[in-house]
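>
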Amino acid sequence: EDLDGYLEVKRQSPMRIAGGECEYTRYGFRELINRRAVDILQPDLCAAGGFSELQKIIGMASAANLAVVPHVWGTNVGLAAALQLFAALPHFPERRFPAEPFFEYDQSPHPFRNKTTREQFVVQDGYVEIPDRPGLGVTLDLESVRQFIK
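Here the numbering used here is used: the first residue of the sequence shown is 2, the next is one more, and so on.
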């Protein structure tokens, strides 16, 4: 991440700046947080070390009163995992009447994403239902996955 670039954009922009989808450890996020380079952190669960690492990043962000809006790109398996994490996110920033957390969700045509699981995710009125079945809440479609790994 270009921390100096983020700081320059942040200095000149009236809008809050989001970033971090290209950081892969809490150490990179520590720099974003300590330098206040962004207003909203966007860790990607599948790229930044999984649930354990993201819980650490979220804790660091919470202590700095920074919002976390997970970056989600990839397969429905990654989306299901991100939704489980999303369900446990604290409301940011800390305030008396907190808003529900947001997350970034790519909806571009993506055959591999949509064919990795039997279940499909549908955005309705700005919301996506969080699966409540065991594990990540989705069932792998192994036959479809095999088609992509030939």
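By construction, the Cβ of each residue, glycine as well, lies at the ideal position given by its N, Cα and C atoms.
It should be emphasised that the depicted structure is a prediction, and the values quoted were computed from it without experimental measurement.
1) Does the segment 50-63 come into contact with the segment 104-111, if we say contact requires no fewer than three beta-carbon pairs (one atom in each stretch) closer than 8 Å?
2) State the beta-bridge partners of residue 72 as determined by DSSP.
3) In chain order, what residues of the same chain have a beta carbon less than 7 Å from the beta carbon of residue 75, not counting five sequence neighbours either side?
4) Hey, how far is the Cα of residue 68 from the Cα of residue 133?
5) Quick one: grab the DSSP three-state call for residue 25.
6) Quick check on this structure: which residue in 118, 78, 63 has the alpha carbon closest to the alpha carbon of residue 91?
7) Could you check what DSSP says for residue 38 in three-state terms: helix, strand or coil?
8) So the alpha helix (DSSP H) residue 2 belongs to, where does it begin and stop?
9) When you compare each of 81, 126, 124, 151 to residue 135 by their alpha carbons, which one comes out closest?
10) Please report the residue range of the alpha helix (DSSP H) in which residue 61 lies.
11) Considering just the uninterrupted stretch of the alpha helix (DSSP H) at residue 121, what are its terminal residues?
12) Based on the DSSP secondary-structure assignment, which residues constitute the bridge partners of residue 129?
13) How would you call residue 1, buried or exposed, if buried means at least 16 neighbouring beta carbons within 10 angstroms?
14) How far does the alpha helix (DSSP H) with residue 143 in it extend, from its first residue to its last?
15) In chain order, what residues of the same chain lie with their CB nearer than 8 Å to the CB of residue 40, ignoring the 5 residues before and after it?
Short version:
1) Taking a contact to require three or more Cβ pairs closer than 8 Å, the segment 50-63 and the segment 104-111 do not qualify as touching.
2) Per DSSP, 45, 105.
3) Here the set comprises 47, 114.
4) One C-alpha to the other measures close to 25 Å.
5) DSSP places residue 25 in coil when its eight states are reduced to three.
6) Among 118, 78, 63, the Cα nearest to that of residue 91 belongs to 63.
7) Coil at residue 38, not helix or strand.
8) Boundaries cannot be given for residue 2, as no alpha helix (DSSP H) includes it and DSSP labels it neither H nor E.
9) Ranking the options by Cα distance to residue 135, first place goes to 81.
10) From DSSP, the alpha helix (DSSP H) with residue 61 extends over 51-64.
11) It is not in any alpha helix (DSSP H) - residue 121 carries neither H nor E in the DSSP assignment.
12) Answer is 124.
13) No answer is possible for residue 1: the residues shown for the chain start at 2 and end at 151.
14) The continuous alpha helix (DSSP H) containing residue 143 extends over residues 143-149.
15) Closer than 8 Å at the Cβ level, and outside the excluded window around residue 40, lie 11, 17, 18, 19, 67, 68.
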